[in-house]
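Participant: In the numbering used here, the protein residues as written are 6 to 559. Quick reminder that beta carbons are idealized off the backbone N, C-alpha and C, glycines included. Okay, handing you the structure first.
This is the structure we're talking about:
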C-alpha cells in the first residue's frame, strides 16, 4: 500500500466516523436534499426547506432525499428518512451501486411505463423491492412531500428468501459445487438470491455469465466503511491476531452495520456463506440476525497450516456461532471440530450436488484451448495423444501444494519404467505452482502433459483410462464424481474428504503417499479397479433435501 492509498483510506475513515456521528442527531422535518444532476423544478410546498449542495450533514439529516443517479457508498438511511429516486442508468455505474440506491428508496419514479419495466427488470427488483414504483414523472413529488401516498405499484412478494454468497465464481471446485447446487434449485429460484463482492468481479465480469438466468443477484458494492476505532480493531484482530472483548465488539459492530448498508432494505430469512472462505464475508454473514449457514468444503486446519490462507479466530467464532456448519462430507467433522474447540451441536452433513447431466453434455463437446490456457503441448498434440492407444491417466485440480502433483509425477515416473506406452495428464484451473510443476515434469523421463485454465476438461477426461485423486487433503473432490459419471475408473488417497464417499460406493482408497499412488496405478493395469456407477439422480435428491432442510426453504 503506497502513501497515496493510505491517505485516501484515512480520509475515508475520518469521513465515515463523522457521518455516523451525525446520524445520531436524527432528521430535520420538512427538509429536502436534491442529490445528483436533476431537472426537477424547485416548486415544492412553501414549508419545505430545500438543499442543493450535498454534505455529510444534509445526507444524514434531511427528511427527504430526491436522488437522480446513485447515492454514495457510505450512505446509510437514517430513521425517518424517505428516499425518492429518479433512476438514471449509466453504463459506467456498477449494477450493484444502482441497485443498492433503488432498494433503499421509498419511491422509484419513472417517466413512463416502459422505463418502469426496464428498471425493474434490469436491476432485478421484482419480488424484493419494498417501496412504491410510480410512472408519472415528477408529478407525485409534492404529494409525497406533503405526507400523502401517491398511487403506484408494489412489486414485493412475501416469501422466504435465502441469500447465498457465491465468491468470485472463478474456475475451481467451489464454483462447480455452487453451480451444481443451483442446477437443482432452479424450480425454487425465486426463493434464492446470489451475492458476491462486485469489485472482485470487475476484471472478470464474464464469470457472472455462469449464473443460471433463473437466479437474481444482490451484489455487495463499495468498500467496507470503518470508524477510527473499528479500523484499529480490524488491524489488531485480523493482521496481528490480537483480540479482547472490546476489539471483538468493535468487529461485530462494524459488520452488523455493513450488513445494514448492503442488505438492510431487503427481507432475508437465511444467509449462506457457501464458499467458507474470506474472513470479511464470513464475519459479515455471522453478524446477520437470521438463520446463518457456513459451508466447510475442505480440511480448513490443513489450509491454515499449509496455505496460511485462513484466519483462525474468524473460523473458530464462525463454527461456534453460525446456526449450521454444513460439512460437505462426514469426513470434515474432525478437522472442523479442531477449529470449533470441540463444539459440534450445530454441525450437519450437507453433500454437494452433482450436475451429472451437464457433465455428460460437456463431455461431447470439442476439445478446446482458450486464450488464457497454458500448456506444455499444443492442442493438436493433445488430440493426437487422446486418440492413440497409449494408456492415459489423468488428474484434475488446481496447481497448489495440497493437490500433491509433484508426488503424483514421482509415482508415475516409476510406473512409466515398466509401461512406456502411457502418459499422465494434469489439468488445473489455476494455482501458483503451475510453472514449477512444468519445470519438474520436464526433468522427468515420463510423458507428462500439463494444462492450466481449460474451460471444459470433460472431453479430455472422457477419453482417459483412469482418474486419480492424489491429494494430501481434500473436501469431497467433485471431480471424482465427474469421472465416475463418465464411466472412468477412479481411485483416491485415503484421506478425510473422499474417504466416506469412496467407502460408501465401493471405490478404491490407496495409502496417502507416492508409493500408495503407484500401487493404485498398478492395480488398474491388473484389472482391479472398476467404475463405481453411482446413482446420481438419487444422490442429488438426497443432497437437495439436506440443503433445503437446513435453510428451512421448503
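Quick one: residues in its chain with C-beta nearer than 6 Å to the C-beta of residue 118, no 5 flanking neighbours on either side, listed in chain order?
Facilitator: One-based indexing of the chain shown puts residue 118 at position 113. Cβ within range, chain order: 140.
Participant: Using CA atoms only, rank isn't needed, just tell me which of 162, 36, 438 is closest to residue 87.
Facilitator: Here residue 87 refers to the residue found at position 82 of the chain shown. Out of 162, 36, 438, 36 has the C-alpha closest to the C-alpha of residue 87.
Participant: Can you give me the Cβ contacts of residue 519 inside the same chain, cut-off strictly under 7 Å, excluding the 5 residues immediately before and after it?
Facilitator: Position 514 of the chain shown, counting from 1, holds the residue named residue 519. So the list reads 412, 415, 416, once near-sequence residues are dropped.
Participant: Check whether the Cβ atoms of residue 404 and residue 457 sit closer than 8 Å, and answer yes or no.
Facilitator: Within the chain shown, residue 404 is the residue found at index 399, counting from 1. Within the chain shown, residue 457 is the residue found at index 452, counting from 1. Yes, these two residues count as a Cβ contact at 8 Å.
Participant: Just the Cα atoms here: how many angstroms apart are residue 158 and residue 91?
Facilitator: As a first step, residue 158 is located in the chain shown; it is residue number 153 there, counting from the start. As a first step, residue 91 is located in the chain shown; it is residue number 86 there, counting from the start. Near 15 Å, if we compare the C-alpha coordinates of residue 91 and residue 158.
Participant: Alpha helix (DSSP H) containing residue 319: first to last residue?
Facilitator: Counting from one through the chain shown, the residue named residue 319 turns up at place 314. Its alpha helix (DSSP H) spans residues 317 to 326.
Participant: Judging by CA-CA distance, which residue of 500, 499, 511, 480 is the nearest neighbour of residue 489?
Facilitator: Along the chain shown, one-based indexing puts residue 489 at 484. Of the listed residues, the one whose Cα sits closest to residue 489 is 511.
Participant: For my contact list, residue 173 and residue 199 are in at a C-beta cut-off of 8 Å; report their separation, rounded to the angstrom.
Facilitator: Taking the chain shown and counting its residues from 1, the one referred to as residue 173 is at position 168. Taking the chain shown and counting its residues from 1, the one referred to as residue 199 is at position 194. Not really, about 12 Å apart at Cβ, beyond 8 Å.
Participant: Once the 5 residues before and after residue 309 are set aside, which same chain residues still bring their CB inside 7 Å of it?
Facilitator: For the purposes of this step, residue 309 is identified with residue 304 of the chain shown, where counting begins at 1. So the qualifying residues of the chain are 315, 317.
Participant: Touching or not, the region 254 to 264 and the region 532 to 542, by the rule of three or more beta carbon pairs under 8 Å?
Facilitator: Result no; under three Cβ-Cβ pairs closer than 8 Å.
Participant: What is the DSSP secondary structure of residue 293, counted as helix, strand or coil?
Facilitator: Counted from its first residue, the chain shown places residue 293 at position 288. In the structure shown, residue 293 sits in coil (DSSP, three-state: anything other than H, G, I, E or B).
Participant: Between the Cα of residue 72 and those of 49, 478, 103, spot the shortest distance and give me the residue it belongs to.
Facilitator: Here residue 72 is taken as the residue at index 67 of the chain shown, counted from 1. The shortest C-alpha separation from residue 72 is found at 103.
Participant: Rounded to whole angstroms, what is the Cα-Cα separation between residue 516 and residue 522?
Facilitator: Mapped onto the chain shown, residue 516 falls at position 511. Mapped onto the chain shown, residue 522 falls at position 517. Approximately 7 Å between the Cα atoms of the pair.
Participant: Taking C-alpha atoms, which residue in 329, 406, 449 lies nearest to residue 439?
Facilitator: By 1-based counting over the chain shown, the position of residue 439 is 434. It is 406.
Participant: When you compare the CB positions of residue 80 and residue 20, do they come within less than 8 Å of one another, or not?
Facilitator: Translated into the one-based positions of the chain shown, residue 80 becomes position 75. Translated into the one-based positions of the chain shown, residue 20 becomes position 15. No, the pair does not count as a contact, with Cβ atoms beyond the cut-off.
Participant: Just curious, the beta strand (DSSP E) that residue 122 is in, first and last residue?
Facilitator: In the chain shown, counting from the first residue as 1, residue 122 sits at position 117. Not the beta strand (DSSP E): residue 122 falls in the alpha helix (DSSP H), residues 118 to 127.
Participant: What distance in whole Å lies between the Cβ atoms of residue 53 and residue 168, which are believed to be in contact at a cut-off of 8 Å?
Facilitator: Locating residue 168 in the chain shown gives position 163, where the first residue counts as 1. Locating residue 53 in the chain shown gives position 48, where the first residue counts as 1. In fact, because the Cβ distance is near 37 Å, the residues do not count as touching under 8 Å.
Participant: If we ignore side chains and look at the alpha-carbon of each, how far apart do residue 205 and residue 135 end up?
Facilitator: Here residue 205 refers to the residue found at position 200 when the chain shown is read from its first residue. Here residue 135 refers to the residue found at position 130 when the chain shown is read from its first residue. Taking the straight line joining both Cα atoms gives about 28 Å.
Participant: Look at the alpha carbon of residue 549 and the alpha carbon of residue 194, and state the distance between them as a whole number of angstroms.
Facilitator: Taking the first residue of the chain shown as 1, we reach residue 549 at position 544. Taking the first residue of the chain shown as 1, we reach residue 194 at position 189. Computed Cα separation, rounded: 13 Å.
Participant: Cα-Cα, which of 28, 50, 289 is closest to residue 60?
Facilitator: Numbered from its first residue, the chain shown carries residue 60 at position 55. Residue 60 has its Cα closest to that of 28, out of 28, 50, 289.
Participant: Sorted by chain position, which residues of the same chain lie with C-beta nearer than 6 Å to residue 131's C-beta, five sequence neighbours on each side aside?
Facilitator: The residue you call residue 131 lines up with position 126 of the chain shown. Excluding residues within five positions, the ones whose Cβ falls inside 6 Å are 125, 160.
Participant: Ends of the alpha helix (DSSP H) at residue 541?
Facilitator: Translated into positions along the chain shown, residue 541 becomes position 536. Taken as a continuous stretch (DSSP letters only), the alpha helix (DSSP H) holding residue 541 covers 541 to 556.
Participant: Under 8 Å: do the region 368 to 380 and the region 337 to 355 share three or more Cβ pairs, one atom per stretch?
Facilitator: No, the region 368 to 380 does not touch the region 337 to 355.
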